[in-house]
Structure formats: C-alpha cells, structure tokens
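Student:
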Amino acid sequence: MARTKSSPEPAPTAKPRWRRGRGSSPAPGRRQGRLKQIRAVYRMTVKADPATRWWLLLAFGLPLVLSIVIGILSGHWIYFPLLGLMIGLLAATFVLSQRAQKAAFRQIEGQPGATGATLSTLRRGWNFEQEPVAMNPRTRDMVFRAVGRPGVVLVGEGPAPRVRRLVEDERRKVNRLVPNVEVHTIYAGDGEDQVPLRKLPRTLTRLRPKLTKQEVEHVTKRLRAMGAVKPPIPKGIDPMRARPDRKATRGR
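Residue numbers for the sequence shown follow UniProt numbering, beginning at 1 and rising by one.
#1: Whole alpha helix (DSSP H) runs in the region 118-190 with 4 or more residues, listed along the chain?
#2: By alpha-carbon positions, which one of I70, G158, V167, V41 ends up nearest to A103?
#3: Using the Cα positions of P112 and Q98, report the straight-line distance between them to the nearest angstrom.
#4: What residue range does the alpha helix (DSSP H) around W77 cover?
#5: At which residues does the alpha helix (DSSP H) containing E215 begin and terminate?
#6: Okay, do the region 74-88 and the region 133-147 touch, 3+ Cβ pairs below 8 Å being the bar?
#7: Note the first and the last residue of the continuous alpha helix (DSSP H) segment covering P201.
#8: Only counting the same chain, and skipping five residues up and downstream in sequence, which positions put a Cβ closer than 6 Å to that of T52?
#9: Who are the near neighbours of T121 in its chain, counting only those whose CB is closer than 6 Å to its CB and skipping five residues on each side?
#10: For residue 308, collect the residues of the same chain with a Cβ closer than 7 Å to its Cβ; drop the 5 residues on either side in sequence, then sort them by chain order.
#11: Could you tell me the distance, in whole angstroms, from the CA atom of G191 to the CA atom of T115?
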C-alpha cells in the first residue's frame, strides 16, 4: 500500500543511553592517560631512587623465567608462560607503587607541612585536616589532627621535646569538646620516640577501633567547629574598629 504525503513519518528509535558504554572497553584517551601517569611515576621514582629499575626487572623477570621453565618441564609451554607474564606484571606494579611511595616521602621529609601531606594518604574511614590545627609561628612547629574509628589522633611535627607542649595544649582542647573520646598523640620525625613519615599511615591504621562511623562523623563536626589556624593579628589593631584618617583624605 502506497504511503500518502499526509501520513507521518515514523520517528527514528534512539538507543537507550544506559546501553552506551556498558561492557565496552575504556576509551583510547583514557588508556593513554593511564600509561602517561605510570610513565611519569616511573621517571620520578627512578630519578629519586635509581635502584628501582633493577627491582622492577627482578619482580617482572623472575616469575616469567620460572613459569617458562615449569611450562617446558610439564609440557604446558603456553599456559604457564602466560600465567608468569600476568604474575610478573602484577609484581612489577606492586614494587613500583611501593618504591614510588617511599620516594615521595623522601622528597617531602623535612619540609614544613609534610605531615599533612602524609595524612592525605590515609584510606577510607579517616577524616583529616591538611592544615595544622595548632602552630608556633616562631619555631614553625605544627600539630595536625585526624579522626577515625580509633578516636582522635594528634600528630606533632617538630622536635619532640619542643612540640610536646603544643600537642598537650591541643589535647586539652579536644578533651573539653569531646570528653568521652580517646585522644592519641604521635610525634612525626626521625628522632627518638618519633614515627617516620613513611610509617605514619600504617601506625594510625593499626590503632584499635573504638568508635562507629556515625560517631566519627559527629566528632569530626564538633572538632571542625574549632576552626584551623588563622594568621595572627598584630596586637593593638582591631580591623573591625579601624577608621580612616579624615585629615589624610582632605590632603592635609
């Protein structure tokens, strides 16, 4: 039957959006971005630690060589080398991540605020402040705070005998706001009774949990009401009450 001019054309059926991209491989641009990121991490790590290339070669080559030998002896010379290749890639990736983390910690050691950058590597379940909650402007000693299921953790940055008083003052403030929450004090550094930066995240995660997730959020909100460190205002000057000099505005 011939179609008349007045009869409407059937609308083209559009593919549902939820079908697009589901089960498809990642975009080439995304894959290239990951490869660039891995290459940048490798270059940074090798520059800081030249022995990394030999550790990567060992982690990748040892499983591959062993799998080839086992495959030849067992007669499965295709299956075992493929398995060894996958194991070698996983081992090399793990070694690169560990060496890159150590190299990154080595670069920031001794710099002011390095403890805050280290706390940012904590996993889920921790709320931390990258800015110090207490600081001595003269000595540049700082105190950082993290809240998790073990309670409140105060980390002092600076020589332990000197920063101890600053940490204790902050601990008393926290006890006044959340009196029923345990407060842990840790001193970051390479000296005696101090925790190196590379071991700081592991030290926090090994603390015994005592709070629920809801209690962690509640404690974090109460402590954040204290605010972070603000730049000190010179004594004798109140910017809210300052008035312009009228004589200066008249040209006198």
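Where is the CB? At the ideal position from N, CA and C, for every residue including glycine. Just so you know, these numbers come straight off a predicted model, no measurement behind them.
Tutor: The answer reads as follows:
#1: Within the region 118-190, the runs of alpha helix (DSSP H) at least 4 residues long that lie entirely inside it are, in chain order, 160-177.
#2: The candidate whose alpha carbon is nearest that of A103 is V41.
#3: Cα to Cα, the separation comes out at about 24 Å.
#4: Run containing W77: none; DSSP gives neither H nor E here.
#5: Looking at the DSSP string, the run of the alpha helix (DSSP H) that includes E215 is 213-224.
#6: Counting C-beta pairs closer than 8 Å gives fewer than three between the region 74-88 and the region 133-147, which falls short of the contact rule.
#7: 200-205 is the span of the alpha helix (DSSP H), which, as asked, contains P201.
#8: The beta carbon of T52 is closer than 6 Å to those of T45, V46, R99 in its chain, skipping five residues each way along the sequence.
#9: Within the same chain, T121 has close Cβ partners P201.
#10: A query on residue 308 cannot be resolved here, the shown segment of the chain reaching from 1 to 252 and no further.
#11: So the two alpha carbons sit approximately 15 Å from each other.
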